[in-house]
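Asker:
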Amino acid sequence: MSILIDESTRILVLGITGREAVSFTRDTLDYGGQVVAGVTPGRGGRDVHGVPVYDTVREAVGAHGADAAVIAVPPRALRDAAFECIAYGIPLVVIVTERVPRLDAAQVVEMAAREGVRVIGPNSMGLISPGKTKVGSVGGPAADTARSFVPGPVGIMSRSGGMTTEIASLLAQHGLGVSTAISIGGDPITGSSFASLLPLFEADPETEAVVTFSEPGGAMEAELVEVVQTRARSSRAPETGTGTRLRIVSFIAGNFMAEMPGVRFGHAGALVQREADSAAAKASMLRAAGVHVADALAEIPSLVRG
Numbered sequence: 101m102s103i104l105i106d107e108s109t110r111i112l113v114l115g116i117t118g119r120e121a122v123s124f125t126r127d128t129l130d131y132g133g134q135v136v137a138g139v140t141p142g143r144g145g146r147d148v149h150g151v152p153v154y155d156t157v158r159e160a161v162g163a164h165g166a167d168a169a170v171i172a173v174p175p176r177a178l179r180d181a182a183f184e185c186i187a188y189g190i191p192l193v194v195i196v197t198e199r200v201p202r203l204d205a206a207q208v209v210e211m212a213a214r215e216g217v218r219v220i221g222p223n224s225m226g227l228i229s230p231g232k233t234k235v236g237s238v239g240g241p242a243a244d245t246a247r248s249f250v251p252g253p254v255g256i257m258s259r260s261g262g263m264t265t266e267i268a269s270l271l272a273q274h275g276l277g278v279s280t281a282i283s284i285g286g287d288p289i290t291g292s293s294f295a296s297l298l299p300l301f302e303a304d305p306e307t308e309a310v311v312t313f314s315e316p317g318g319a320m321e322a323e324l325v326e327v328v329q330t331r332a333r334s335s336r337a338p339e340t341g342t343g344t345r346l347r348i349v350s351f352i353a354g355n356f357m358a359e360m361p362g363v364r365f366g367h368a369g370a371l372v373q374r375e376a377d378s379a380a381a382k383a384s385m386l387r388a389a390g391v392h393v394a395d396a397l398a399e400i401p402s403l404v405r406g
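Offset between the sequence shown (1-based) and my numbering: plus 100.
Next comes the structure, spelled out in C-alpha cells:
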C-alpha cells in the first residue's frame with residue numbers, strides 16, 4: 101500500500117506552462133502518473149505534452165476531476181491558486197513554490213485545515229509511491245526515479261527534496277525499499293509535519309519503519325517527540341518504546357552550524373533562533389524519546405533494520 105497517492109491518483113498541475121512544471125509534468129507522465137489537466141490563466145486551449153490546459157481550476161476539475169494538485173506558480177500568486185484548489189474540493193495540494201510570504205502560507209494552511217484538505221509544502225518537491233505514481237518533481241526523470249525509488253516497507257519524510265531522493269537511493273543500495281516518500285518542504289511554514297503524517301504511515305500495513313530528514317530550526321522534531329512520548333505513556337506499542345509500531349530513524353543535518361552563529365544555511369526554515377533549535381539539541385531530544393538518530397547518513401540502513 102501507500103499513503104495519500106496511488107496509481108489511480110488524478111493529478112492537476114497549476115502553472116503547467118512554466119519551465120519547471122513543463123519538465124516535471126513530462127517526468128510524471130513517463131513514470132506512469134496520471135496528469136489529467138493543467139491550469140495557466142490566459143493559456144486555456146493549449147496543451148503540454150498532450151495534457152490539456154485550462155484558464156481556471158473550476159474548468160479543469162469540471163472536465164477531468166482531480167485527486168491531487170501540484171502548484172508551481174510565482175510566490176505572490178500562490179495563495180489564490182491554493183485557495184482555488186481547496187474551494188473546488190481537491191483533497192491533496194502539493195506546493196512546489198518556495199519562499200511564499202509567511203502570511204500567505206499561514207492563510208493557506210489554515211483554510212486547508214478548515215476544509216479537510218492535506219497540504220504538502222510550500223517548497224516541496226512532492227511525493228512518490230514507488231512503482232505506482234509520483235506527484236511533483238521528486239526523483240527527477242523517470243529512469244532516475246526508478247533507480248532511486250524501489251518499493252518496500254520504509255516511509256520517508258524529509259525537509260529537503262534532494263535528500264528525499266538521496267535517502268531512498270541509500271536504502272535501495274542496501275536492499276531496502278520505500279512505501280511512500282514525502283518532501284515536506286523547507287519553508288518556515290508548511291502544511292504537513294512529521295507528527296501529522298506519522299498516523300498515515302501507521303495506518304499503512306506495508307510500512308514498517310519511517311526515516312525523517314531535517315535541519316536546524318523549527319519545532320517539527322519537538323512536535324514528533326510530543327506525539328511519541330504521549331503514546332509511549334499510554335503503552336499502545338511498548339515494544340518500540342515510542343508508542344508507535346513503526347521504527348523511527350532520524351537524521352539531522354547541520355551540526356557544523358553551531359560553530360558559525362548568525363549564518364543561515366539550507367532552506368528558509370533552517371534558522372536557529374534558540375539553543376533548542378540546534379541539530380545537537382534536536383538529536384538529544386529525539387534519542388530521549390526513543391527515536392533512533394543517525395550521526396551519519398550511512399548509518400540509516402542499519403538503524404532501519406535494527
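All residues carry an ideal CB built from backbone N, CA and C; glycine is no exception.
Bear in mind that the values here come from a model prediction, so they are computed numbers and not experimental data.
Roughly how many angstroms lie between the CA atoms of A71 and R247, to the nearest whole one?
Answerer: Because the chain here runs from 101 to 406, residue 71 falls outside it and cannot be looked at.
Asker: For the beta strand (DSSP E) containing M257, list its first residue and its last residue.
Answerer: Taking the first residue of the sequence shown as position 1, residue 257 is located at position 157. Its beta strand (DSSP E) spans residues 251-258.
Asker: Check M164 in the structure and name its three-state DSSP category.
Answerer: The residue you call residue 164 lines up with position 64 of the sequence shown. The residue you asked about is not Met; residue 164 is His in the sequence shown. If DSSP states are grouped into helix, strand and coil, H164 belongs with the helices.
Asker: Are I400 and V311 touching if we call contact CB-CB under 9 angstroms?
Answerer: Along the sequence shown, read from residue 1 onward, the residue named residue 400 stands at position 300. Along the sequence shown, read from residue 1 onward, the residue named residue 311 stands at position 211. A contact, by the Cβ cut-off of 9 angstroms.
Asker: Rounding to the nearest angstrom, what Cα-Cα distance links V254 and G262 in this structure?
Answerer: Position 154 of the sequence shown holds residue 254. Position 162 of the sequence shown holds residue 262. Their Cα atoms are separated by approximately 17 angstroms.
Asker: Can you tell me whether L203 is buried or exposed? The criterion is at least 16 other CB atoms within 10 Å of its CB, across all chains shown.
Answerer: For the purposes of this step, residue 203 is identified with residue 103 of the sequence shown, where counting begins at 1. L203 is exposed by the Cβ-count criterion.
Asker: Label M257 either buried or exposed according to how many other C-beta atoms from any shown protein chain fall within 10 Å of its C-beta, with 16 as the threshold for buried.
Answerer: Against the sequence shown, residue 257 aligns to sequence position 157. Under this definition M257 is a buried residue.
Asker: For V372, is the classification buried or exposed, using 16 other Cβ atoms within 10 angstroms of its Cβ as the cut-off for buried?
Answerer: For the purposes of this step, residue 372 is taken as residue 272 along the sequence shown, with counting starting at 1. Since pLDDT at V372 reaches only 49, below the 50 mark, its modelled position is unreliable, and the value read off the structure follows with that caveat. By the neighbour-count definition (other C-beta atoms within 10 Å, threshold 16), V372 is a buried residue.
Asker: Which class does F356 belong to by DSSP, given the choice of helix, strand or coil?
Answerer: The residue given as residue 356 occupies position 256 in the sequence shown. In this prediction, F356 scores a pLDDT of 42, lower than 50, which makes its location untrustworthy; no coordinate-derived value is stated.
Asker: Using the C-alpha atoms, what's the distance from V325 back to M385?
Answerer: Sequence index remark: in the sequence shown, residue 385 carries index 285 (1-based). Sequence index remark: in the sequence shown, residue 325 carries index 225 (1-based). The straight-line gap from Cα to Cα measures roughly 7 angstroms.
Asker: CA-CA distance, G277 and A166?
Answerer: Here residue 277 corresponds to residue number 177 of the sequence shown, with the count starting at 1. Here residue 166 corresponds to residue number 66 of the sequence shown, with the count starting at 1. Spanning the two alpha carbons is a distance of roughly 28 angstroms.
Asker: Around the C-beta of L114, are 16 or more other C-beta atoms found within 10 angstroms, so that it is buried, or is it exposed?
Answerer: Indexing the sequence shown from 1 puts residue 114 at position 14. It counts as buried.
Asker: What is the residue span of the alpha helix (DSSP H) that S334 lies within?
Answerer: For the purposes of this step, residue 334 is identified with residue 234 of the sequence shown, where counting begins at 1. Taken as a continuous stretch (DSSP letters only), the alpha helix (DSSP H) holding S334 covers 320-334.
Asker: Only counting the same chain, and skipping five residues up and downstream in sequence, which positions put a Cβ closer than 7 angstroms to that of S292?
Answerer: As a working mapping, residue 292 is identified with position 192 in the sequence shown. Same-chain partners within the cutoff: R218, V219, I220, I284.
Asker: If we require 3 or more residues per run, which beta strand (DSSP E) segments fall completely within the segment 178-243?
Answerer: List check, beta strand (DSSP E) in window: 192-195, 218-220, 226-229, 233-236.
Asker: Considering only the beta carbon of each residue, do A160 and I289 sit closer than 9 angstroms?
Answerer: Taking the first residue of the sequence shown as 1, we reach residue 160 at position 60. Taking the first residue of the sequence shown as 1, we reach residue 289 at position 189. No, they are not a contact pair.
Asker: By Cβ distance below 8 angstroms, which residues in the same chain neighbour R331 in space, the five residues on each side in sequence not counted?
Answerer: Residue mapping note: residue 331 aligns to position 231 of the sequence shown, counting from 1. These residues qualify, in order along the chain: A337, T342, G343, T344.
Asker: Just reading off the beta strand (DSSP E) that L270 is part of, what are its end residues?
Answerer: Looking up residue 270 in the sequence shown gives position 170. Taken as a continuous stretch (DSSP letters only), L270 belongs to no beta strand (DSSP E), being part of the alpha helix (DSSP H) at 261-273.
Asker: To which residues does DSSP link F313 through a beta bridge?
Answerer: On the sequence shown, position 213 is the one that residue 313 refers to. Partner(s): S258, F351.
Asker: Smallest Cα separation from V235: which of A319, F124, V157?
Answerer: The count along the sequence shown starts at 1 and reaches residue 235 at position 135. Answer by Cα proximity: F124.
Asker: Within the present structure, is the beta-carbon of K382 separated from the nearest heavy atom of the ligand MG by less than 8 angstroms?
Answerer: Inclusion of the ligand MG in the displayed structure is not the case, the ligand content being empty and no account of it being possible.
Asker: Name the DSSP bridge partner or partners of S283?
Answerer: Within the sequence shown, residue 283 is the residue found at index 183, counting from 1. G226, S258, per the DSSP bridge assignment.
Asker: P141: which of D244, A379, D180 sits nearest, CA to CA?
Answerer: As a first step, residue 141 is located in the sequence shown; it is residue number 41 there, counting from the start. Of the listed residues, the one whose Cα sits closest to P141 is D180.
Asker: For T128, tell me which candidate among G216, D244, R259, L178 has the shortest Cα-Cα distance.
Answerer: Here residue 128 is taken as the residue at index 28 of the sequence shown, counted from 1. It is D244.
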